Structure formats: structure tokens, C-alpha cells
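A.B. asks:
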Amino acid sequence: MSDKLRVAVAGAGRWAQRAHIPGWQRDPRVEVVGLADTDPTALAEAGERFGVKKLVTDYRELLDDPEVDVVDVATANRVHYEISAAALDAGKHVLCEKPVHHDNRQTRALAELARSKGLKTKLGFTFRYAPAVQYAKSLIDAGFVGTPYIFNGYEQNSQWIDPATPMRQVDPNADPNVLTTSSIEGYGAPIIDIMHWWSGGNLTSVVGTMRNFVPERMVRDTGLVQRLNIDDGDMWIGEFDNGVLASIQSSYVTVGNFPGIEARIFGSEGAIIVRLVEEFGICQTIKTATKGSVEFVEREIPQEFFPEGGHSREDWDFLFYSNLCADFTTEILSGSAVNQGDFAQGALVQETINAFEKSFRDRAWVSFPLESA
């Protein structure tokens, strides 16, 4: 491989244009060499906006291109697994938006495929790469909180509190009589990722519940209002084998600013609170306290945790995704074994979501890991 990473992005919609493509192009070590989308209008718009010449409506043309090192899957959820599997089969490194698959076993199978082929993978766990979250992890690793006791994680915003706001990622075949996962999978996954990453142990059991607070919603693809029996709010408790107790809450009908991520960890020596919320012109804050000084004080995030020239007044999606893309670029070009937030981590997060759902269906605690079936 050359000293330049050549990336092709499958999916040229809003999120690709807000985060993926500009995130890659921010890094001088990367060249975005191709885009694919089944919508010719979106494809042409993205190509012109970002100066990408190779534009195709069939993603397979990107897989056949020997000039492509990485395939970035930024499409609708339903084709994440198909494209990721095909890209790995073609010998490409893969970045994929979450979830790779609704069944954690399928994601784990792709993690094994990548490992067997010497390829690297990464999930779109955007908030893991926030400078404040990375800084907090460095403090945890340095012993700032001591022995971890409690983790509280929140993903809450009011993005869809208005039923007229069009819903994306709607399953047209879903049974309206059965409550299905939505918030916990599409929006809860990043805070679940941080929970596992910061807690330092293995999850052993979970319990919780889901609710559908706004039953009638506008669907983006049809422009029609219909019954959507989805969880737009949920709460969970988890137990870890190192003694950590954790809670997770996700929702997109809780009043507050987007993206609405907050992670808190409390230990024997200190505590850390990270908020990833666009407020007062900044997109992130980190506050800490110690057992000897219990008042939380805000910390300045060291520049080493930002991309070149980055700062907390940037748009959160561009800033955090720039870090994600830079991290993946370093992992691939360095040839090291390091690969954080990969498909194996994605499988762990999806398994947690599957366990949460089983707990809700069974109205009972569920042991972790889930039994294979």
C-alpha cells in the first residue's frame, strides 16, 4: 500500500456529506477516489461538492477497482451487511455505519472474516472519537477514577418529539402490533460502546424496558403519517464482572440539544462527566471531581486529542468523524495490530442490544453473553 489511503464511499446522502466524506478529506493522507449511490441526483451533488470524479450507481464497481483500499459504507441500514461482506471478500478494509447487522452473530462472522484476511474494520461509533471522550479514556487508564463503580450513559434529544418530523430507517414490513427496536439500536449504540470501553470489565446481565411514546409519525420515504410501533425511549441496567453497575437511557423524544450524549463514570478516587451537546457555541465539555474535592470542575481538552487545527466550536459531526477517519487511517497505514471500535466491538454492542431486547420481551434479567441459537 502507498502512503496515501484511497477511500470509496458507498452512500452519498446527508450523513455521508455531513460527516464521512469531509471527515476523510480533512486528512492529507487520504484521497476519496469514488462514490456510489442508487440516487443519481444525490450522487451527482456529492461528486460536485467534494470533487470526486468516479461516480457509480452500483457499489460493486468500487469493489472491482484495484485503486480502492477502503470501502466506507454510509448507506441505509438494510444493505450494511451485504456491502460490508462483499467489500471484505474483495480484500478491502471496511468502515461501516451501525449496525452492520441486527443479529450480533452476523457482525461477529464478518469480524472473523476480516481477521482471517488481515483486513481492518471500523464501526461508525462517532462519539467514541470525540476529543472529550478520548481524553476521558486516557484519564481512566491513568487511574484518575481509581476502581470504577458506576457508569451512567445517556443518548437523549428531541429530534423526533414532533411526529411531523420525517422518520428515516423505517421497516415497511414491521408488524404494528409488536414494539420494535429503534432508539436503542440506532441511537443507543454509541453510548453502549462507550459503556463497554470505559467500564473495563465484561457485561454479565442486563434488564430494562422500552416504550413507544409517539405512535403516529411521518415516514420520510412515503410522506405519509402511519402507525410506527418503535421504541423512542428506553432504560436499562447492566452488571459487569468487575463489579461495575451501569445504566443506559436512549431516546429521541426527550427535550434537549442534539446529539445529546452524556457519559458519567464514578470510582473510588474520582469521577468524570463528558457531555457531547451543542450548547453555547461548543460541542463538548468534560468535567471531573475527586474524592478530596467533590465539586466538578471543567477541564480543557488537550490539543493532542483533536485533529490538526481542530477545536470544540466546530460542528460536532465533522469534528468527531474527522477523528474517526484519522484514527482508521493511522491504524491501516501503520500496519500495527491496533484497531479500536472494530466489527468485533460492533458485535459486542449489537449483542448488548439483542440482550436488552430479549429482556424486554421476556420481562426478566438476561444473562450475557447470549446463548447462540
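Everything in the sequence shown is counted per numbering that gives the first Met the number 0, starting at 0 for the first residue and increasing by one.
Ideal placement from N, C-alpha and C gives every residue a C-beta, glycine not left out.
Note that the structure is predicted; figures quoted are calculated from it, not measured.
1) Do L109 and L94 have their C-beta atoms closer together than 8 Å?
2) Mapping the DSSP letters down to three states, classify A372 as helix, strand or coil.
3) State the DSSP-derived secondary structure class of D233, mapped to helix, strand or coil.
4) Under 8 Å between the Cβ atoms of L178 and D230?
5) Determine the closest residue to E261 out of E350, G199, E307 and V132, with distance taken between C-alpha atoms.
6) Would you call the region 144-156 and the region 202-219 touching, i.e. three or more CB-CB distances under 8 Å?
7) Tell me the rounded alpha-carbon separation between Q248 and P65.
8) When DSSP labels each residue in this structure, what does C95 get in the three-state scheme?
9) Using only the alpha-carbon positions, how far apart do I149 and E297 sit?
10) Specify the secondary structure class of A325 as computed by DSSP and reduced to three states.
11) Quick one: what does DSSP say R104 is sitting in, helix, strand or coil?
12) Mind checking A163: buried by the 16 CB within 10 Å criterion, or exposed?
13) I'd like to know whether the C-beta atoms of T125 and L323 end up nearer to each other than 8 Å.
14) Just verifying my parser: in three-state terms, what is the DSSP assignment at G269?
15) What is the DSSP secondary structure of N353, reduced to helix, strand or coil?
16) In angstroms, rounded to a whole number, what distance separates the CA positions of W235 and F359?
17) Between P147, K286 and A363, which lies nearest to G242 when the distance is taken from Cα to Cα?
18) Looking at the secondary structure, which residues open and close the beta strand (DSSP E) in which E378 lies?
19) Based on the DSSP output, what are the partners of M166 in its beta bridges?
20) Compute the Euclidean distance between the alpha carbons of E96 and V144, then round it to the nearest angstrom.
21) Within 10 angstroms of its Cβ, does A75 collect 16 or more other Cβ (buried), or is it exposed?
22) Can at least three beta-carbon pairs, one atom from the region 168-183 and one from the region 340-356, be found at a separation below 8 Å?
23) Can you check whether the CB of P301 is closer than 8 Å to the CB of R25?
24) Out of Q16, R59, H79 and I82, point me to the one whose CA is closest to V51's CA.
25) On the three-state DSSP scale, how would you describe T125?
26) For N212 and G232, I'd like the C-alpha separation in whole angstroms.
27) With 16 other CB atoms within 10 Å as the buried threshold, where does A372 fall?
28) If we ignore side chains and look at the alpha-carbon of each, how far apart do G429 and T56 end up?
C.D. replies: Per the coordinate set shown:
1) Position 110 of the sequence shown, counted from the start, is the residue given in the question as residue 109. Position 95 of the sequence shown, counted from the start, is the residue given in the question as residue 94. Not a contact, by the Cβ cut-off of 8 Å.
2) Within the sequence shown, the letter at position 373 stands for residue 372. Bear in mind that a pLDDT of 45 at A372, under 50, signals an unreliable position, so the model cannot answer this.
3) Counting from 1 along the sequence shown, the entry for residue 233 is found at position 234. Strand.
4) For the purposes of this step, residue 178 is identified with residue 179 of the sequence shown, where counting begins at 1. For the purposes of this step, residue 230 is identified with residue 231 of the sequence shown, where counting begins at 1. Yes, they are a contact pair.
5) Counting from 1 along the sequence shown, the entry for residue 261 is found at position 262. Shortest Cα-Cα distance from E261 to any of E350, G199, E307 and V132 involves V132.
6) no
7) Indexing the sequence shown from 1 puts residue 248 at position 249. Indexing the sequence shown from 1 puts residue 65 at position 66. Approximately 44 Å between the Cα atoms of the pair.
8) By one-based count along the sequence shown, residue 95 stands at place 96. Looking at C95 - three-state DSSP - the assignment turns out to be strand.
9) In the sequence shown, the residue the question calls residue 149 occupies position 150. In the sequence shown, the residue the question calls residue 297 occupies position 298. Going by C-alpha positions, I149 is about 20 Å away from E297.
10) Walking along the sequence shown from the start, residue 325 turns up at place 326. A325: helix per DSSP, three-state reduction.
11) Translated into the one-based positions of the sequence shown, residue 104 becomes position 105. In the structure shown, R104 sits in a helix (DSSP, three-state: H, G or I).
12) Position 164 of the sequence shown holds residue 163. It is exposed - the Cβ of A163 has fewer than 16 other Cβ atoms within 10 Å.
13) As a first step, residue 125 is located in the sequence shown; it is residue number 126 there, counting from the start. As a first step, residue 323 is located in the sequence shown; it is residue number 324 there, counting from the start. Yes, Cβ-Cβ distance for T125 and L323 is below 8 Å.
14) As a working note, residue 269 is residue 270 in the sequence shown. Strand, per DSSP.
15) Position 354 of the sequence shown, counted from the first residue, corresponds to residue 353. DSSP places N353 in helix when its eight states are reduced to three.
16) In the sequence shown, residue 235 corresponds to position 236, counting from 1. In the sequence shown, residue 359 corresponds to position 360, counting from 1. Their Cα atoms are separated by approximately 10 Å.
17) Taking the first residue of the sequence shown as 1, we reach residue 242 at position 243. The residue from P147, K286 and A363 with its alpha-carbon nearest to that of G242 is P147.
18) Residue 378 lies beyond the range of the chain shown here (0 to 372); nothing can be said about it.
19) In the sequence shown, residue 166 corresponds to position 167, counting from 1. V218.
20) Taking the sequence shown and counting its residues from 1, the one referred to as residue 96 is at position 97. Taking the sequence shown and counting its residues from 1, the one referred to as residue 144 is at position 145. One C-alpha to the other measures close to 31 Å.
21) Position 76 of the sequence shown holds residue 75. It is exposed - the Cβ of A75 has fewer than 16 other Cβ atoms within 10 Å.
22) The region 168-183 vs the region 340-356: in contact.
23) Here residue 25 refers to the residue found at position 26 of the sequence shown. Here residue 301 refers to the residue found at position 302 of the sequence shown. No; because the gap between Cβ atoms is not below 8 Å, this pair is not in contact.
24) Here residue 51 is taken as the residue at index 52 of the sequence shown, counted from 1. Among Q16, R59, H79 and I82, the Cα nearest to that of V51 belongs to Q16.
25) As a position in the sequence shown, residue 125 is number 126, starting the count at 1. Reduced to three states, the DSSP call for T125 is helix.
26) The count along the sequence shown starts at 1 and reaches residue 212 at position 213. The count along the sequence shown starts at 1 and reaches residue 232 at position 233. With the sequence shown as reference, residue 212 is identified as Phe, and Asn is not the correct amino acid for it. Going by the C-alpha atoms only, they are around 7 Å apart.
27) Sequence index remark: in the sequence shown, residue 372 carries index 373 (1-based). With a pLDDT of 45 at A372, under the threshold of 50, the modelled position of this residue cannot be trusted, and the question is left open.
28) Because the chain in this structure spans residues 0 to 372, residue 429 falls outside the shown range and cannot be described.
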